[in-house]
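J.: Which chain is which? The protein sequence lines are A and B, in order.
Start counting the first sequence at 17; every next residue gets the next number (my numbering).
Start counting the second sequence at 821; every next residue gets the next number (my numbering).
Dropping a structure here in structure tokens format, bear with me for questions.
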Amino acid sequence: MTQSAQEEAVRIEHLTKIYKDFWGRDKVRALDDLNLSIRRGEVFGLLGPNGSGKSTTIKLMLGLIFPTAGSASILGHAAGSTEVNEKIGFLPEESYLYRFLNGEETLYFYGRLFKIPRRDLKRRVPMLLDTVGLNAKDRKRKLREYSKGMARRIGLAQALINDPELILLDEPTTGLDPIGTREMKDLIISLKQQGKTVLLCSHLLADVQDVCDRITILFGGRMQTLGQVRDLLQVRDITQIQTRGMSTAQIEEVQSFLSKMGVSDTVITHPTTTLEDLFMRIVRERTGNGQAKPPVGSPN
Amino acid sequence: MLPAFVLSFAFADLWHQYLPWLAAGIVVVLGLLIYGAHDLFRLSLTRIWAISSVCFSEAIRKRTLWITPLAIIGVIVVTQLSHPDDPQEAIRQATKFCLFASGLLVSVVAIILACTNLPKEIDNRVIFTVVTKPTTRLEIVLGKCLGFARISAAIIIIMGIFTYAYLQSRSWTEMASVHRQLASVPPDSPTRPTLVYYADHGFLTTRRLDAPENLQVYGRVPDGNVRWMQGAQSEYFLVPFTLSEEQKDELQQVAETSGASAYLMTTLRIQQHMPNASEQREIKQLGLGNAAVELKAEELGPILPTTQPATQPANALPPAVVSIRLLNQNYRSLNGTLDESAGMRVVLQQPDKPGDSWYGRLTIPAEWLQHMAQVPMFYVQVHAISPATDYGVEAEPEMIFIPTGKQSGIKIGPAMSAQDPGKPAEPELLSSRGARGMILMGKADGKGPLALYRFRNAKVSKPSNGTVPLQLQINIEKNGEVDVEKTGESGYAKVGVEVINKKTGQSSGLIEVTPELSQTSFLNVPFKSVEGGDFDVVVRSQTQDQWLGLKDDAVSVVVADESFVVNLFKSLLVLWMLSILVVVIGIFCSTFLSWPIAIICTLVILLGHWGVDQLGSALDPGSGRSIATEFRIYDPVSSRTISQTFDTLSHVLRVVSNFLPDLSKFPVSDYIERGLAVPLSSLLQSLGVLACYGLPLLVLSYVIMRNKEVAP
């Protein structure tokens, strides 16, 4: 294996998928000549509107569908192979799990598909359920009784059952409340810190912006842009100076100074926080005041 | 030429028999060992068991098993509503209902689960989380099969426990009734031995029976090479013919040549006696009369005697008449031959020397010849018609003769014997079939025809009491007109049974039994008459005009008793194997069809072979010609087109059905309901069909799944 191959978690070359009709005629070109490389240990975001080819890319990488042209290799093996599946975890966009099993049984079932010894499962299953925030009562309930948020959590737990090297998360925060969303993002960051590679597929841009190192934006089955989030978001012809505690007089003086320097279109204003930060701060303050923490994974 | 022909026929038979195995082997080798070698080596029992456990849990938690109490209630209701006279029959019916309900239940559940599971998992995308784990598609297919097989096993175990408990309770009830009857019937009652047998052995016993090798109906006990039939007693003999391609061509040529002819030659020994009053009546009814009969001799070729024309005087013996029919391999009239029901009558002509064979000749119409040339084999059936006449059948009584103008002509003899290919097949002596089996007409003095059940190599072990039980299932086809007051007889049918040891000549002596309709009776015979296993059982109707209905297995010898529980287990095992086959077919269909279509397709595959079997002779070669005739299509071109199209379709149906599983190879209740032990060979046969169809379908399911995009 070459040096670059060792550094690459995913390598996609000229990947194309054309859906055909009953008679074999081309119907939809869902993905068109995609070339992509994801490095080991990074959190990569796959962005795009509905129908842009995000899910098709994920399905091709997992072997759920087969490419019309091109290839994808994951962790050095052909996409869809059992060797790849040993090392990856997948959280689908909705929790497609057996609804007649309970939370624990679900994890035991998927654990046995990885041939994890029962002794290890006895240790790992409660730990994972704790990690995703399912309490002792919830983990004994049938999945058909789960709320959407709880289903996402158990879905995430099954994706992590094998301690994967690469985790594919398709719309991971869909259905989660802001606390759940924040926990999910914290978990992604924690996974990155553990050296895992994460491929995040979402159209919730704020989530992607918060956790991703690099992103690509797909549209019409084609890659539109690729790069570091920081670089892509930077507006190079606008300069921003931030400071704390300036009076109105001082602000006016700065404006006058900038005007003298010939700088036009100056806007001086107070920065706003994100709604998520505001929500989290309020919840933290309330919790700090002795209010009970809302149950994790409670129905939305 | 003949051995080559026999060999080619034998190979064709082998090819036909083993073709599904060959196809199955090719599919398994190509699909699994070559295409799927990687997945085969990665096969993990842990993963297969995990997937099967999910299938099992799903069925349990969706309350699939709740349907079993409904089946149990159904069985109890149906059995309580039926009132068979015979206690043994009551137990057998209950057994049949229980196993039928179990089979129906397990098959319906297996079809629904197997056909709906995969399409639904693909539809609701649960399969995403399974195929993205290190499970191969082979493990998924095997896991599903195992899961549904476990559900079938659970249903069968529940139904099996119920069946045993229910039969045991019925058995106790019936046994109490038997004990009450035993206390009331006189010691010399003909029903007593059967009641004693039930009291000794119980109803839930399984008998291991040895069946007779064959059944033939004779006019008298055979002695020497000539076997005798009695005239006007519905007796006949059958001679098989299998023509080579060359012989078929010869017949075809005769059929197409104007003025040419072929004959069916019959030679028989004839012994006649002066007809008594009742035989005189029959002679009148048959239109044979005692008028002078003109016996014509024709140019028959050198193989026949050159008898000059003679006239049989009036008021003497009736003419020796036979009726000849041509039958196809299913013993039905060869389509298109004339006079299909009654046959063609032929008057036999006396030989030159007394004691020689009589002979008869039937000119075969061109149309018959064409039919004979088209079918793979046919039988010539010769009925003994004349009363007061015994017909002696020799080793080769039938022959087709084509005159060629030369001395010898062309002679076509009967088919070779299956047991000894060097000899022609022996004619089979039988009698007409009624609603309840082969008819055996009765005469008051017991001098009517006799049925001879031939037992060879029966495994009879020495009993402690010196007697061996025979099981009789003799039916009454027609009641005789017995004047009870005048004769002082009971009015019941009397049947004489005699067992003759073929090695020692030891006879059991004549034993009279009184059979009742649809009842099993038992008879103890001395061990010496059956010792060694080679013996004949001779059955005669002893009552005037009483007709017995005899099936091929109406007489059997009880060689051992087995545990009923073991036998029930074996029957349920056969049912389980059948359910696994249903599951595999269901899963195979669901890999490429939506679930409603998969259910229909599964039913077609399961019932296809049976359906074609039910069509029976309607698909025989030459049936197309009958269809054209029935629809009154006389235009030769249209008639040929319809005939050939129908025959081609029939052939295609038969070929396709050969590739479909034969469900009759799963005898779930066939043995146990008759109180017989399920033989090991039967279990192996079921396993063979399961392997022959199950394995390749599993492999095909895997190949389809591996190439299937599971994301909708």
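C-beta atoms are modelled at their ideal positions from N, C-alpha and C, and glycine is treated no differently.
Establish whether the CB of F235 of chain A and some CB of chain B are separated by less than 8 Å.
T.: So no, F235 of chain A is outside the interface.
J.: Would E1297 of chain B pass as a contact of L1368 of chain B if the rule is Cβ separation under 8 Å?
T.: A contact, by the Cβ cut-off of 8 Å.
J.: For L185 of chain A and chain B, any beta-carbon pair shorter than 8 Å?
T.: Not closer than 8 Å to any Cβ of chain B, the Cβ of L185 of chain A fails to qualify, so no.
J.: Please check the pair P108 of chain A and T949 of chain B, which I expect to be a contact at CB under 8 Å, by giving their CB distance rounded to whole angstroms.
T.: Their Cβ separation, rounded to whole angstroms, is 7 Å, which keeps P108 of chain A and T949 of chain B in contact under 8 Å.
J.: With DSSP as the reference, label L870 of chain B as helix, strand or coil.
T.: A quick correction: the sequence has Ala, not Leu, at residue 870 of chain B. Of the three classes helix, strand and coil, the one that applies to A870 of chain B here is helix, per DSSP.
J.: Is D37 of chain A helix, strand or coil by DSSP?
T.: The answer is coil: DSSP assigns D37 of chain A none of H, G, I, E or B.
J.: In the DSSP assignment, find the alpha helix (DSSP H) that holds E269 of chain A and state where it starts and stops.
T.: Note, E269 of chain A: alpha helix (DSSP H), 264 to 276.
J.: Looking at the strands, I want to know which residues DSSP matches up with Y986 of chain B.
T.: Its beta-bridge partners do not exist; DSSP assigns none.
J.: Look at the Cβ atom of G1233 of chain B, then the Cβ atom of P1244 of chain B, and state whether they are nearer than 8 Å.
T.: Contact: yes.
J.: Going straight from the alpha carbon of L1168 of chain B to that of E1102 of chain B, what length do you get?
T.: Straight-line Cα distance between these residues: approximately 19 Å.
J.: Which parts of the segment 1040 to 1084 of chain B are runs of the alpha helix (DSSP H), unbroken and 4 residues or longer, counting only runs that do not cross its ends?
T.: Here the runs fully enclosed are 1065 to 1076.
J.: Over what stretch of residues does the beta strand (DSSP E) that includes L1250 of chain B continue unbroken?
T.: 1248 to 1251 is the span of the beta strand (DSSP E), which, as asked, contains L1250 of chain B.
J.: The beta strand (DSSP E) spanning L184 of chain A covers which residue range?
T.: Looking at the DSSP string, the run of the beta strand (DSSP E) that includes L184 of chain A is 182 to 186.
J.: The beta strand (DSSP E) with G1257 of chain B in it runs from where to where?
T.: Run containing G1257 of chain B: 1257 to 1260, per the beta strand (DSSP E) assignment.
J.: Shortest alpha-carbon distance to N1034 of chain B belongs to which of B:R1276, B:S1463, B:S1458, B:I1331?
T.: Of B:R1276, B:S1463, B:S1458, B:I1331, the residue nearest in Cα terms is B:R1276.
J.: Return helix, strand or coil for D804 of chain B, following the three-state DSSP convention.
T.: Look at the range of chain B in this structure, 821 to 1532, and you will see that residue 804 of chain B is not part of it.
J.: T1411 of chain B touches chain A at which residues, Cβ-Cβ below 9 Å?
T.: Ordered by position in chain A, no residue passes the 9 Å Cβ test against T1411 of chain B, which lies about 16 Å from the chain.
J.: Check whether the segment 1020 to 1029 of chain B touches the segment 1374 to 1383 of chain B, counting contact only when three or more Cβ pairs, one atom from each stretch, lie closer than 8 Å.
T.: Touching, yes.
J.: Check whether the segment 1034 to 1052 of chain B touches the segment 1202 to 1217 of chain B, taking contact to mean three or more Cβ pairs, one atom from each stretch, closer than 8 Å.
T.: Short answer: they touch.
J.: Would you call P1174 of chain B buried or exposed, if buried means 16 or more other Cβ atoms sit within 10 Å of its Cβ?
T.: Exposed, by the Cβ-count rule.
J.: Thinking C-beta only, is K953 of chain B closer than 8 Å to L129 of chain A?
T.: A contact, by the Cβ cut-off of 8 Å.
J.: Under the rule that 16 or more other beta-carbon atoms within 10 Å means buried, what is Y838 of chain B, buried or exposed?
T.: Burial call: exposed.
J.: Could you tell me whether any Cβ in chain A is nearer than 8 Å to the Cβ of V951 of chain B?
T.: So yes, V951 of chain B belongs to the interface.
J.: Taking Cβ positions only, does F968 of chain B come closer than 8 Å to chain A?
T.: Taking Cβ atoms only, chain A never reaches closer than 8 Å to F968 of chain B, which makes this a no.
J.: Starting from D1030 of chain B, follow its DSSP beta bridges and name the residues at the other end.
T.: Answer is B:V1377, bridged to D1030 of chain B.
J.: Is there a Cβ of chain A sitting closer than 8 Å to that of F948 of chain B, yes or no?
T.: Yes, its Cβ sits closer than 8 Å to a Cβ of chain A.
J.: Cβ of Y112 of chain A less than 8 Å from any chain B Cβ?
T.: Closer than 8 Å to some Cβ of chain B, the Cβ of Y112 of chain A qualifies, so yes.
J.: What is the rounded straight-line gap between the Cα of I1123 of chain B and the Cα of K1371 of chain B?
T.: With a pLDDT of 39 at I1123 of chain B, under the threshold of 50, the predicted position of this residue should be treated as unreliable, and no value is reported.
J.: In chain A, which residues lie with their C-beta within 7 Å of the C-beta of V874 of chain B?
T.: Within chain A, the residues near V874 of chain B are Y114, F125.
J.: In the structure shown, what three-state DSSP assignment does E1218 of chain B receive?
T.: Three-state result, E1218 of chain B: strand.
J.: For R134 of chain A and K164 of chain A, what's the separation of their Cα atoms in angstroms?
T.: Taking the straight line joining both Cα atoms gives about 29 Å.
J.: Assuming Q1339 of chain B and D906 of chain B make a contact with CB atoms under 8 Å, what is their CB distance in whole Å?
T.: At roughly 4 Å, the Cβ-Cβ gap stays under 8 Å, so Q1339 of chain B and D906 of chain B are in contact.
J.: Tell me, to the nearest whole angstrom, how far the beta carbon of Q1326 of chain B is from that of Q1190 of chain B; I am working on the premise that it is less than 8 Å.
T.: In fact, because the Cβ distance is near 53 Å, the residues do not count as touching under 8 Å.
J.: Tell me whether the segment 1454 to 1463 of chain B and the segment 871 to 890 of chain B touch, counting them as touching only if at least three CB pairs, one residue from each stretch, are closer than 8 Å.
T.: These segments do not touch.
J.: Using a 10 Å radius around the Cβ and a threshold of 16 neighbouring Cβ atoms, would you call T259 of chain A buried or exposed?
T.: Exposed, because fewer than 16 other Cβ atoms sit within 10 Å of the Cβ of T259 of chain A.
J.: Short of 7 Å Cβ to Cβ, which residues in the segment 126 to 137 of chain A face chain B?
T.: Those would be Y126, R128, L129, F130, K131, in chain order.
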